[in-house]
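Worksheet: the structure to be examined is printed underneath.
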Amino acid sequence: MASADLTGHNSDDVIAVVPDPIDPGAALASVSHPESGAVVLFLGTVRNHSPGKTDVSHLEYEAYDEVVEPKIREIVDEARGK
153 MASADLTGHN SDDVIAVVPD PIDPGAALAS VSHPESGAVV LFLGTVRNHS
203 PGKTDVSHLE YEAYDEVVEP KIREIVDEAR GK
């Protein structure tokens, strides 16, 4: 999947679809500013098991950029109550 950076509707929004693992520290640093009262970062991890499997190490997913980018924006707008 190609990298994409979506910003726009609200200059505080930072949305990215990337092919590589995300560095949580870098993500947090990119949105932390002295003017900010709070920053929220959700970090999901992978369990080492799933029904019938005991050796789960990672997840793989794919999405079409032309579909996923507008959908992410829709979710952000809904969360912001727009």
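Counting in my numbering, the sequence shown runs from 153 upward without gaps.
Glycine included, every Cβ here is placed at the ideal spot set by N, Cα and C.
For Val169, the enclosing beta strand (DSSP E) stretches over residues 167-169. Using a C-beta cut-off of 8 Å, the stretch 191-209 makes no contact with the stretch 225-233, since fewer than three inter-stretch Cβ pairs fall below that distance. Ala231 sits away from Val169, with the two beta carbons spaced by 9 Å or more. Under DSSP, Ser202 forms a beta bridge with Lys205. A direct Cα-to-Cα measurement between Asp229 and Val166 gives close to 12 Å.
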